[in-house]
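Residue numbers (the UniProt record's numbering): 1 to 433. We put the beta carbon where it would ideally sit given N, CA and C, even for glycine. Fair warning: this is a prediction, and the values are worked out from it, not measured in the lab. Here's the structure we're looking at; comments come further down.
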Amino acid sequence: MEGAGKRAPKAIVVGGSIAGLSCAHALIGAGWDVTVLEKTLSAPTGSPSGAGLSLEPQAIEVVNRWLGDPSILHDIAFGVAAVVHQTYDKEKKAIQTLRRDSFDDFISHRSVHWTDLHSVIRRALPSDVVLWGHRFLSLRTSDGGGSVRVEAKNLRTDETVEFEGDLLVAADGSMSAIRQYFLPDHKMRYSGYSAWRGVFDYSDAEKVDAVTGIRRAYPELGNCLYFDYADGNHCVFFQINSDRLNWLWYFNTPESGREGTSVTKKVDEEMIKEMHEEARRIWNPELAELMRQTKAPFINLIYDSDPLPRLVWDNVVLVGDAAHPTTPHASKSTNISGRGRRACRRPWRSTRRCGSPSCRASSCRRGSWGGSSRACPSPAARRSAPTRRRPTSAIGSRSGPFLRTSPSLLRSDFMCVSVLARLRNSRSFAYEN
1 MEGAGKRAPK
11 AIVVGGSIAG
21 LSCAHALIGA
31 GWDVTVLEKT
41 LSAPTGSPSG
51 AGLSLEPQAI
61 EVVNRWLGDP
71 SILHDIAFGV
81 AAVVHQTYDK
91 EKKAIQTLRR
101 DSFDDFISHR
111 SVHWTDLHSV
121 IRRALPSDVV
131 LWGHRFLSLR
141 TSDGGGSVRV
151 EAKNLRTDET
161 VEFEGDLLVA
171 ADGSMSAIRQ
181 YFLPDHKMRY
191 SGYSAWRGVF
201 DYSDAEKVDA
211 VTGIRRAYPE
221 LGNCLYFDYA
231 DGNHCVFFQI
241 NSDRLNWLWY
251 FNTPESGREG
261 TSVTKKVDEE
271 MIKEMHEEAR
281 RIWNPELAEL
291 MRQTKAPFIN
301 LIYDSDPLPR
311 LVWDNVVLVG
321 DAAHPTTPHA
331 SKSTNISGRG
341 RRACRRPWRS
351 TRRCGSPSCR
361 ASSCRRGSWG
371 GSSRACPSPA
381 ARRSAPTRRR
391 PTSAIGSRSG
401 PFLRTSPSLL
411 RSDFMCVSVL
421 ARLRNSRSFA
431 YEN
């Protein structure tokens, strides 16, 4: 790859969210030529209205390396020094409070707005890496898996454009079309609950009363992550920058007919009004008022999935939510997308195969990387992976949110990226959307 006259290997990444951009950074750092195809017409700009997230120390380390200046991330993110759990009765009185000044390495976590994090990661890439307004249409790998061709529609011109590369990274989200082709029988599973999400922007002076009230009820905002629990409900609340507060309200709800089509549900004014009324019934007055004054709240439908039988097909790999759709607890989705990208640049320290047929067929190797044991994405290895469940009290009397697979299994897709350039098996696939 580094010899004179040799062209750099080419990678095509489908999906320009945090997972896709993270893969682009890691591959470019390893000497690859990278093109990211993103169907959104332009990069998120202006005042964001989306949602906040929490970054673990490992993800912070990786992002800072990409940015080159730790102050960039520091300036857009708040540190989390404490975690407070509060349980409320039907009278909205706190009947139990649990505070922890250190939650493992949680003290090193930082909270940030999704759009702010996406923006700094994107700006650290060469300007021509991301092609906005390009929707993935189809893929075809050559005989022997030596190359992959991808067709995409330019949404501005309505033209179909073809790209050719040595590697295709499918970072196209939890509803991945690429995953659906290779695993047509794999189904997403609705969890039984959804989440209202919103970001309260108090840069407007008219909202000073709401801010005063919320800081009285939650005095440690700015360095604390709050978890509020009520019967069948669970709220997460934290500050994401100097003038924005992020909240998530998980609530039990049956299937509505939209499950399996999108993770975000459109809401109308009537639904928002009903949410405000329900908030006044369940939560303390300060939190309910903050929810009422939040602009453009939205609903996320919460899915999870059984572990996939495999993540690699010749020189096509699934990453991020396409590889491991999980419930959004313990900050796993974004952090897995970020910190695992280091594997794109590191070789295996062990080459001991797990011995299962699917593992041998995909040239996956089970070993250790970065000091931690890794699990291969094969059924044999998966059966031995521990299942992690969250307490049912987190969501109420019904089944609570849980993570069905171990972190090592969830991160195995990044291990596969590091060896994909060596995979040249004899199968040829065609996918049509």
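Quiz item: According to the neighbour-count rule (16 or more other Cβ atoms, all chains shown, within 10 Å of its Cβ), is Val199 buried or exposed?
Solution: Taking the first residue of the sequence shown as position 1, residue 199 is located at position 199. Buried is the call here.
Quiz prompt | Residues that residue 455 bridges to, as DSSP identifies them | solution = Lying before the first or after the last residue shown, residue 455 is absent from the chain, which here runs from 1 to 433.
Quiz prompt | Opening and closing residue of the beta strand (DSSP E) in which Trp32 lies | solution = For this step, residue 32 is matched to residue 32 along the sequence shown. Trp32 -> no beta strand (DSSP E), and no H or E assigned at all.
Quiz prompt | Coil, strand or helix - Asp243 by DSSP | solution = As a working mapping, residue 243 is identified with position 243 in the sequence shown. Asp243 falls in the coil class under three-state DSSP.
Exercise. Pull up the distance between the alpha-carbon of Lys6 and that of Ala24, whole angstroms please.
Key: Here residue 6 refers to the residue found at position 6 of the sequence shown. Here residue 24 refers to the residue found at position 24 of the sequence shown. Looking at the two C-alpha atoms, the distance is approximately 20 Å.
Quiz item: Is the stretch 168 to 185 touching the stretch 301 to 321 in the sense that three or more CB pairs, one from each, lie closer than 8 Å?
Solution: Yes, they touch.
Quiz item: Should His74 be labelled buried (16 or more other beta-carbon atoms within 10 Å of its own) or exposed?
Solution: For the purposes of this step, residue 74 is taken as the residue at position 74 of the sequence shown. With fewer than 16 other Cβ atoms within 10 Å, it is exposed.
Quiz item: Between Asp243 and the rest of its own chain, which residues show a CB-CB distance below 7 Å, the 5 nearest in sequence each way excluded?
Solution: Mapped onto the sequence shown, residue 243 falls at position 243. Counting only Cβ-Cβ distances below 7 Å, and skipping sequence neighbours, we find Asp201, Tyr202, Ser203.
Self-check item: Alpha carbon of Gly192 to alpha carbon of Ala51, nearest angstrom
Solution: Residue mapping note: residue 192 aligns to position 192 of the sequence shown, counting from 1. Residue mapping note: residue 51 aligns to position 51 of the sequence shown, counting from 1. When rounded, the distance between both Cα atoms is 21 Å.
Self-check item: Three-state class that DSSP yields for Trp132 in the structure shown
Solution: On the sequence shown, position 132 is the one that residue 132 refers to. Trp132 sits in a strand when the DSSP states are folded into three classes.
Quiz prompt | Rounded Cβ spacing between Ser194 and Leu301 (contact assumed at less than 8 Å) | solution = By 1-based counting over the sequence shown, the position of residue 194 is 194. By 1-based counting over the sequence shown, the position of residue 301 is 301. With 8 Å as the limit, Ser194 and Leu301 qualify as a contact, their Cβ atoms being about 5 Å apart.
Self-check item: Alpha carbon of Gly79 to alpha carbon of Asn223, nearest angstrom
Solution: Numbered from 1 along the sequence shown, position 79 holds the residue referred to as residue 79. Numbered from 1 along the sequence shown, position 223 holds the residue referred to as residue 223. Going by the C-alpha atoms only, they are around 6 Å apart.
Self-check item: Contacts around residue 434, its chain only, beta-carbon distance under 6 Å, and the 5 residues preceding and following it disregarded
Solution: Any property of residue 434 remains undetermined from this structure, which presents the chain solely from 1 to 433.
Quiz item: Run through DSSP, which three-state label would Gly16 get?
Solution: Along the sequence shown, one-based indexing puts residue 16 at 16. Residue state, collapsed to three classes: coil.
Quiz item: Does Ile178 come within less than 8 Å of chain B when only Cβ atoms are used?
Solution: The chain labelled as chain B is not found in the depicted structure, where only one protein chain is given.
Practice problem: Assign Leu287 to buried or exposed, taking buried as 16 or more other Cβ atoms, counted over all protein chains shown, within 10 Å of its Cβ. | Solution: One-based indexing of the sequence shown puts residue 287 at position 287. Leu287 comes out buried.
Quiz item: Do you know offhand how far Ile18's Cα is from Arg281's?
Solution: The count along the sequence shown starts at 1 and reaches residue 18 at position 18. The count along the sequence shown starts at 1 and reaches residue 281 at position 281. Their backbone Cα atoms lie some 36 Å apart in a straight line.
Practice problem: Counting only the same chain and skipping the five closest in sequence on each side, list residues whose C-beta sits under 6 Å from that of Ala230. | Solution: Mapped onto the sequence shown, residue 230 falls at position 230. Result list for Ala230: Tyr88, Ile282, in chain order.
Self-check item: Of the listed residues Ser142, Leu221, Gly31, nearest to Val84 (C-alpha basis)
Solution: As a first step, residue 84 must be located in the sequence shown, where it is residue number 84. Minimum Cα distance to Val84 is reached at Leu221.
Self-check item: Assigned exposure category for Leu53 - 16 Cβ within 10 Å defines buried
Solution: In the sequence shown, the residue the question calls residue 53 occupies position 53. Leu53 is buried by the Cβ-count criterion.
Quiz item: CB-CB under 7 Å to Arg122, same chain, minus the five flanking residues each way: which ones, in chain order?
Solution: For the purposes of this step, residue 122 is taken as the residue at position 122 of the sequence shown. Excluding residues up to 5 positions away in sequence, Leu21, Ala43, Val130 lie with their Cβ nearer than 7 Å to the Cβ of Arg122 in the same chain.
Quiz item: Roughly how many angstroms lie between the CA atoms of Arg216 and Phe298, to the nearest whole one?
Solution: Your numbering for residue 216 matches position 216 in the sequence shown. Your numbering for residue 298 matches position 298 in the sequence shown. Using only the alpha carbons, I get a separation of about 26 Å.
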